[in-house]
Structure formats: structure tokens, C-alpha cells
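Down below is the structure, laid out as C-alpha cells.
The following block contains the structure:
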């Protein structure tokens with residue numbers, strides 16, 4: 272649950288027995304998209320006592336799964352699902368399920384100068400939000416978070432017949448922009464109980480990065496994924512430290528974020544491309560996490576995925592990504608497209624399109640703000656809609672993958 276852009280602004284391991292990622296977690300057969308499935312409640316029916324055929328289908332079609340404790344350990348781990356990360360929010364204290372925790376540790380909840388509790392601004396009702404904002408600078412809260420994660424790893428290994436369990440943690444809300452609110456979702460200034468002064472954005476960043484680095488030290492042999500912000504300056508040392516503390520970076524909403532604009536400004540399309548290049552330069556893997564509703568959006572996201580993929584990146588989506596046989600719209604053909612290995616890097620064409628060629632095809636994108644342009648080939652190619660031609664027109668904010 273990261274921040275949605277708008278055009279103007281952006282509203283443990285050997286010592287602890289925390290396990291290690293199997294060597295094959297980063298490898299996938301062929302050049303098809305590496306699809307990650309977020310196993311939210313709607314996906315539960317596919318995890319509970321699946322048939323042998325469905326188990327094989329899930330293992331074959333999903334590169335990874337994001338699970339939710341404890342349901343995933345109890346229902347999925349016994350039948351050996353694909354490599355799985357478990358979800359854990361960095362600073363959420365859930366009002367519905369953590370009443371005892373709050374009664375025992377009221378100091379873990381951030382407050383403003385008037386003593387009012389503060390929240391993560393998500394699904395707020397006006398008088399409150401489902402998630403209180405934890406004090407990420409509190410050493411006791413940090414230790415509690417890490418101890419919980421260790422217990423989740425241990426429980427998953429007990430449930431897994433192979434003794435492997437989860438391969439990593441998906442850490443949500445890695446927001447280096449100060450992101451706490453009152454119950455009506457209006458921005459709030461938290462009070463720092465250690466200094467008696469307001470936590471400004473610089474202090475917030477320091478606390479968050481220290482916490483993330485503590486998590487990294489506690490789990491040196493598992494994979495850690497951050498859902499973090501991409502439009503912050505690479506020259507900021509805290510931004511670099513945050514990204515260095517992870518193996519994977521999820522870019523929530525991916526290229527379909529409606530706030531992405533043309534050009535290389537703070538929220539520009541080219542800025543996002545450069546950010547992914549920067550992450551690759553740090554040795555990080557990228558997970559695109561778009562919220563897709565239409566085939567056109569899926570074609571655009573997948574084209575961008577192939578445009579930037581380093582070979583180890585992945586894409587997370589539930590758009591037409593369910594196993595067959597239980598209703599739904601069917602498994603989308605795009606998730607199985609294979610244009611072959613890349614024959615070069617992406618390049619910008621004279622007509623404004625971005626293109627990358629592969630051994631058996633190409634990916635092309637017309638970014639936001641562009642004019643309708645044409646991508647052409649020397650021999651007939653077929654796009655993700657099943658249309659075959661020598662050339663294809665792309666409107667602004669659209670893209671496609673083409674195979675000979």
C-alpha cells in the first residue's frame with residue numbers, strides 16, 4: 272500500500288535460523304514474464320486442498336507467490352507451492368486485531384502534540400483508519416517486528432515438508448516521505464517521544480532507514496522486498512541506504528500509475544525508466560505491481576516490463592491470472608508470451624516510441640504525452656491481441672509485445 276502519484280505532488284539467518292532462499296528462486300525457464308501472484312483472500316480458494324493438477328498448474332505458471340500469515344503457512348506450505356514471500360507492513364498496528372498489543376504497549380503508537388493517535392492514511396472513515404502508525408524509532412517496536420517475522424519464518428518451515436518455508440519478506444509502506452495522518456486522512460505531524468519535538472521528514476527518513484537496516488542485519492540470508500517510492504532523489508544518501516537494504520524493489524502500480532507524466536521531471540516516464548536502471552546498477556531486482564483492469568492496461572504494462580527487464584525482474588498481477596476451472600475470465604495469453612532473449616537495450620525512436628528487440632520479436636511503448644506513432648517490422652508480427660501485420664499504431668500511454 273504505497274503512495275499514489277498525482278500530477279502535482281505525491282499525496283534472521285545463520286544466527287537466528289531464519290532460513291535461506293533456494294538457489295533456483297531467481298531463475299525461470301525461457302523468456303516468458305515472471306508472474307508473481309498476490310494471494311489475497313480472493314485467492315484462498317485456490318490454496319485450500321487443491322488437486323494434483325492444480326498444484327502443478329500453480330507451480331508452472333507463478334514465479335513466486337505473496338502469502339499472508341498464518342493462512343498461507345497452514346493451507347499452502349504443506350503442498351509445496353512456488354517460492355513465497357510473506358506480507359508484513361513496516362509500521363502498521365491494526366486496530367481490529369491488535370487491541371491487546373496496544374493495551375500492553377501504548378507507547379508504540381505515534382501521537383501528535385495533543386496526544387491524539389495517528390494513522391496510516393488508508394481507507395479512513397473520518398473518525399479513524401484501520402491501521403495505527405507505529406513509532407518506527409522505538410527500539411522495542413522494532414524488536415517486536417523482527418521477532419514476529421522470525422516466528423513466521425519458523426512456522427513456515429515446520430509446515431513445509433522440505434523444511435524450507437518462506438524465501439523472503441515483502442515489506443509494505445517503505446515510505447521515505449512522511450506518511451501519517453489523522454483519522455480523516457489529513458496530514459499530521461507526529462511527536463517524537465525521544466526528543467519532545469516534531470518528527471520532520473528528515474528525522475522520519477533516518478528512523479526508517481535505521482529500522483530497515485536492522486531488518487537486513489536480522490535476516491541476511493533471506494530475500495527482502497521493499498514497496499518503496501521511485502521519484503526520490505538518487506543523490507539522497509537515505510534513499511540509497513533504503514534501497515541497499517533490500518534485494519527486491521516493488522514499484523506499486525507500475526507504469527499504469529495515472530500520475531506518471533511525459534518527460535524526465537520528478538514524476539516523468541523517463542525518470543521511472545532511469546530509476547529502474549539505477550536499481551539494476553545497485554544489483555536489485557524489480558517487481559512491477561500494476562493494478563490492471565483492462566487488456567489495454569495489461570498490454571501497456573507488459574510492454575514496459577520487457578522494455579526494462581534485466582532478466583531477473585518480475586511482474587505481479589491478479590488480472591486474468593487465476594488457475595482455470597473456477598470461473599473468471601481465463602488466463603490471459605500475455606502471461607505466456609515469449610519474444611526470446613533480448614538482442615539489445617531499449618532505445619528511443621525518432622517518432623517518440625521506445626522499442627527493444629528480442630530474438631523472436633519486440634516490445635514497443637508510446638509513453639504518456641506522445642502522439643500516435645507506428646512501429647514497423649520487416650516481416651509479419653503478431654501482437655498480444657492476436658493481430659498480425661507489418662506495422663501497428665500505438666496511441667499515447669499504450670504499448671504491446673510483438674512476436675514473429
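Residue numbers (the working numbering): 272 to 675. We put the beta carbon where it would ideally sit given N, CA and C, even for glycine. These numbers were taken from a predicted model, which means no experiment stands behind them.
C-alpha gap between residue 530 and residue 537, whole angstroms: For this step, residue 530 is matched to residue 259 along the chain shown. For this step, residue 537 is matched to residue 266 along the chain shown. So the alpha carbons of these two residues sit roughly 11 Å apart.
The stretch 443 to 462 contacting the stretch 375 to 386, beta-carbon criterion three pairs below 8 Å: Verdict: yes, contact present.
Cβ-Cβ distance between residue 555 and residue 586 below 8 Å: Looking up residue 555 in the chain shown gives position 284. Looking up residue 586 in the chain shown gives position 315. No, they are not a contact pair.
Through-space distance from residue 516 to residue 669, alpha-carbon basis: One-based indexing of the chain shown puts residue 669 at position 398. One-based indexing of the chain shown puts residue 516 at position 245. The straight-line gap from Cα to Cα measures roughly 34 Å.
Start-to-end residues for the beta strand (DSSP E) that takes in residue 652: If you number the chain shown from 1, residue 652 lands on position 381. Unbroken beta strand (DSSP E) run through residue 652: 644 to 653.
Anticipated Cβ contact below 8 Å, residue 636 with residue 662, distance rounded: For the purposes of this step, residue 636 is taken as residue 365 along the chain shown, with counting starting at 1. For the purposes of this step, residue 662 is taken as residue 391 along the chain shown, with counting starting at 1. So it is not a contact: roughly 16 Å between Cβ atoms.
Cutoff 8 Å; reference residue 658; Cβ partners in own chain excluding five residues on either side: Taking the first residue of the chain shown as position 1, residue 658 is located at position 387. Cβ within range, chain order: n/a, list empty.
With 16 other Cβ atoms within 10 Å as the buried cut-off, status of residue 323: The residue labelled residue 323 in the question sits at position 52 within the chain shown. So residue 323 counts as exposed.
Length of the line joining the Cα atoms of residue 443 and residue 413: Translated into positions along the chain shown, residue 443 becomes position 172. Translated into positions along the chain shown, residue 413 becomes position 142. Their Cα atoms are separated by approximately 15 Å.
Entirely enclosed alpha helix (DSSP H) segments - the stretch 510 to 570, minimum 4 residues: Counting only runs of at least 4 residues, the stretch 510 to 570 fully encloses the following alpha helix (DSSP H) elements, listed from N- to C-terminal order: 540 to 552.
One or two residues paired with residue 452 in a DSSP bridge: Here residue 452 refers to the residue found at position 181 of the chain shown. Note: residue 452 sits in a beta bridge opposite 390 and 458.
Rounded C-alpha distance that separates residue 488 from residue 482: Counted from its first residue, the chain shown places residue 488 at position 217. Counted from its first residue, the chain shown places residue 482 at position 211. Those two C-alpha atoms are separated by around 10 Å.
Among 405, 629 and 472, the one whose alpha carbon lies nearest that of residue 611: Stepping through the chain shown from its first residue, residue 611 is reached at position 340. Distance from the Cα of residue 611 is smallest, within the candidate group 405, 629 and 472, for 629.
When 348, 372, 511 and 673 are compared against residue 648, the one with the closest alpha-carbon: One-based indexing of the chain shown puts residue 648 at position 377. The residue with the shortest Cα to Cα distance from residue 648 is 673.
Stretch-stretch touch, CB-based, cutoff 8 Å, three pairs: the stretch 422 to 438 with the stretch 346 to 356: By the criterion of at least three beta-carbon pairs nearer than 8 Å, the stretch 422 to 438 is in contact with the stretch 346 to 356.
Residue from 379, 604, 352 and 571 whose Cα sits closest to the Cα of residue 364: Position 93 of the chain shown holds residue 364. Ranking 379, 604, 352 and 571 by Cα distance to residue 364 puts 379 first.
Residue 533 and residue 388 closer than 8 Å at C-beta: For the purposes of this step, residue 533 is taken as residue 262 along the chain shown, with counting starting at 1. For the purposes of this step, residue 388 is taken as residue 117 along the chain shown, with counting starting at 1. No; because the gap between Cβ atoms is not below 8 Å, this pair is not in contact.
Per-residue burial, residue 473 [other beta carbons within 10 Å of its own, 16 or more giving buried]: For the purposes of this step, residue 473 is identified with residue 202 of the chain shown, where counting begins at 1. Exposed: under 16 other Cβ atoms inside 10 Å.
Own chain residues within Cβ distance below 6 Å of residue 568, not counting five before or after: In the chain shown, counting from the first residue as 1, residue 568 sits at position 297. Excluding sequence positions up to five before and after residue 568, its CB lies within less than 6 Å of the CB of 527, all in the same chain and listed in chain order.
Validate contact between the stretch 393 to 411 and the stretch 360 to 376 using beta carbons, cut 8 Å, 3 pairs: Judged by Cβ distances under 8 Å, the stretch 393 to 411 makes contact with the stretch 360 to 376, as three or more pairs qualify.
Cβ pair residue 509, residue 477 closer than 8 Å: The residue labelled residue 509 in the question sits at position 238 within the chain shown. The residue labelled residue 477 in the question sits at position 206 within the chain shown. Less than 8 Å separates the beta-carbon of residue 509 from that of residue 477.
Bounding residues of the alpha helix (DSSP H) (the contiguous stretch that carries residue 608): Position 337 of the chain shown, counting from 1, holds the residue named residue 608. From DSSP, residue 608 is part of no alpha helix (DSSP H); its letter is neither H nor E.
Same chain only: Cβ atoms within 8 Å of residue 614, ignoring 5 sequence neighbours per side: Looking up residue 614 in the chain shown gives position 343. Around residue 614, the same chain offers 628, 629 and 630 as residues with beta carbons nearer than 8 Å, after the five sequence neighbours per side are excluded.
Cβ-Cβ separation, residue 447 to residue 500 (assumed contact under 8 Å), whole Å: Counted from its first residue, the chain shown places residue 500 at position 229. Counted from its first residue, the chain shown places residue 447 at position 176. With a contact defined as Cβ atoms closer than 8 Å, residue 500 and residue 447 qualify at about 6 Å.
Pick from 553, 608 and 308 that is closest to residue 634, judged by C-alpha positions: The sequence position of residue 634 within the chain shown is 363, counting from 1. Closest by C-alpha distance to residue 634, out of 553, 608 and 308, is 608.
Those residues which DSSP pairs with residue 309 across a bridge: Taking the chain shown and counting its residues from 1, the one referred to as residue 309 is at position 38. Paired residues: 337.
Rounded separation between residue 326 and residue 592 - CA only: Your numbering for residue 326 matches position 55 in the chain shown. Your numbering for residue 592 matches position 321 in the chain shown. Rounded to the nearest angstrom, the two C-alpha atoms are 15 Å apart.
Proximity to residue 504 [Cα-Cα], best of 535, 408, 316 and 411: Along the chain shown, one-based indexing puts residue 504 at 233. Here the closest residue by C-alpha is 535.
Enclosing beta strand (DSSP E) for residue 495 [first to last residue]: Here residue 495 refers to the residue found at position 224 when the chain shown is read from its first residue. Start and end: 494 to 499.
Residues that DSSP places opposite residue 590 in a beta bridge: Reading the chain shown from its first residue, position 319 is the one you call residue 590. BP columns for residue 590 are empty, so no partner.
Member of 306, 338, 331 and 332 whose CA lies at the smallest distance from the CA of residue 314: Here the question's residue 314 lines up with position 43 in the chain shown. Checking every option, the nearest Cα to that of residue 314 belongs to 338.
Whole-Å CB distance - residue 441 paired with residue 496, under 8 Å assumed: As a working note, residue 441 is residue 170 in the chain shown. As a working note, residue 496 is residue 225 in the chain shown. Indeed they touch by this definition, with Cβ atoms about 5 Å apart.
6 Å CB neighbourhood of residue 291 in its chain, flanking five on each side removed: The sequence position of residue 291 within the chain shown is 20, counting from 1. Low per-residue confidence applies at residue 291: pLDDT is 42, beneath 50, and the placement is therefore not dependable, though the value from the model is reported in the following sentence. Contacts found: 492.
Counterpart residues of residue 402 in DSSP-defined beta bridges: Locating residue 402 in the chain shown gives position 131, where the first residue counts as 1. Note: residue 402 is bridge-paired with 365 in the DSSP secondary-structure output.
Residue 622 - DSSP class collapsed to helix/strand/coil: Along the chain shown, one-based indexing puts residue 622 at 351. Per DSSP, reduced to three states, the secondary structure at residue 622 is coil, with no helix or strand assignment.
Counted within 10 angstroms of its Cβ, other Cβ atoms place residue 671 as buried (16 or more) or exposed: For this step, residue 671 is matched to residue 400 along the chain shown. For residue 671, the number of other beta carbons within 10 angstroms of its own is at least 16, and it is reported as buried.
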